[in-house]
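K.L.:
Per the working numbering, residue 1306 is the first one in the sequence shown, and the count goes up by one each step. Below: one structure in structure tokens.
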Amino acid sequence: MYLTLRLETTSYTKDQLRFPDLPQIALAGRSNVGKSSLINSLAGQKKLARISSTPGKTRSINFFLAPQENFYLVDLPGYGYARCSRVEREKWGELIQEYLQDNHHLAGVVLLLDSRISPQSSDLDLAHYVDSLQTRLLPVLTKADKCNQKQRQLALKRWQKLLERAHKPILFSARTRQGQQALLEAIKNLVQA
Ligand code: GTP
Ligand code: MG
């Protein structure tokens, strides 16, 4: 089962930022973790959100409307990308923060974490920030197809312990669509809660 999605709005700067009058689920995570691939996977499309093997592909906040369920999936630029200028990084950080804070329609944040990489301070910072906004956090461990069973279980346990106040992490692969139904259900539950 796929989610019908269409790109409605793109914001590159704080001035362009829109706060649509519908529930929103934001996708956050470090550059290259697989945010845009996850959107394509949920939609069953290849080129809805633009993906790249080079980190820093998504540079704007992209609002994808789910017209049947009446909510937005919001693709955020990745954080923690070392190879762009400090000024540019700060600009994205401010844009993301401006969007997340005081957003009364924010129904939850899906935090994408690479299942092969050990927990990074930038991920924990973001998790704590979401917690401080009193918004629900849904951790998703991406690229599960690149791990063996033992690595997957290790990642699951590690993140579950670190993010004990969040939803149980979901193992996901955009390549095999492992975890896709569980993720869709968890997202719909956030929207309805
Ligand atoms: P930014 O826009 O830079 O923040 O990156 P992003 O988080 O949107 O990542 P994106 O979806 O562009 O994917 C980055 C790279 O990881 C691409 O080369 C994808 O093909 C690859 N990738 C994403 N998801 C998966 C997955 O589940 N499995 C595998 N094997 N590769 C994946
Ligand atoms: Mg992206």
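We put the CB at the ideal spot given by N, CA and C, even for glycine. All values reported here derive from a predicted model rather than from experimental measurement.
(1) Using 6 Å as the cut-off, classify the Cβ of V1338 as near or not near the heavy atoms of the ligand GTP, replying yes or no.
(2) I'd like to confirm something about G1349: is its beta-carbon nearer than 6 Å to some heavy atom of the ligand GTP, or not?
(3) For V1414, which beta-bridge partners are listed by DSSP?
(4) Whole angstroms are fine: how far does the CA of S1426 sit from the CA of I1475?
(5) Give me the Cα-Cα distance between Y1434 and L1442, rounded to the nearest whole angstrom.
(6) Roughly how far, in whole angstroms, is the beta-carbon of L1416 from the beta-carbon of L1431, given that I think they are within contact range, below 8 Å?
(7) Assess, as a yes-or-no matter, whether the segment 1355-1370 is touched by the segment 1307-1315 under the definition of 3 or more beta carbon pairs within less than 8 Å.
(8) Answer yes or no: the CB of K1448 versus the heavy atoms of the ligand GTP, is any distance below 6 Å?
(9) Give a single yes or no on whether I1492 has its beta carbon closer than 6 Å to a heavy atom of the ligand GTP.
(10) Is L1332 near D1380, with beta carbons less than 7 Å apart?
(11) List, from N- to C-terminal side, the beta strand (DSSP E) runs of 3 residues or more that fit wholly inside the segment 1346-1409.
(12) Just grab the DSSP bridge partners of L1476 for me.
(13) Going by CA-CA distance only, name the one from T1481, I1492, Q1485 that's closest to H1472.
(14) Looking at the structure shown, is L1312 part of a helix, part of a strand, or coil, going by DSSP?
(15) Can you grab the Cα-Cα spacing for the pair L1461 / Q1485, in whole Å?
(16) Mind checking whether K1319 and E1403 have CB atoms under 7 Å apart?
(17) Compute the Euclidean distance between the alpha carbons of S1342 and R1480, then round it to the nearest angstrom.
(18) Less than 7 Å between the beta carbons of K1448 and D1407, yes or no?
P.N.:
So, from the data block:
(1) yes
(2) No.
(3) Note: V1414 sits in a beta bridge opposite A1331, L1442.
(4) 20 Å
(5) 10 Å
(6) 6 Å
(7) yes
(8) Yes, the Cβ of K1448 comes within 6 Å of a heavy atom of the ligand GTP.
(9) no
(10) yes
(11) With a minimum length of 3 residues, the continuous beta strand (DSSP E) runs that stay inside the segment 1346-1409 are 1366-1371, 1376-1380.
(12) In the DSSP assignment, L1476 forms a beta bridge with L1446.
(13) For the residues T1481, I1492, Q1485, the minimum Cα distance to H1472 belongs to I1492.
(14) strand
(15) 16 Å
(16) yes
(17) 9 Å
(18) Between K1448 and D1407, the C-beta spacing is not below 7 Å.
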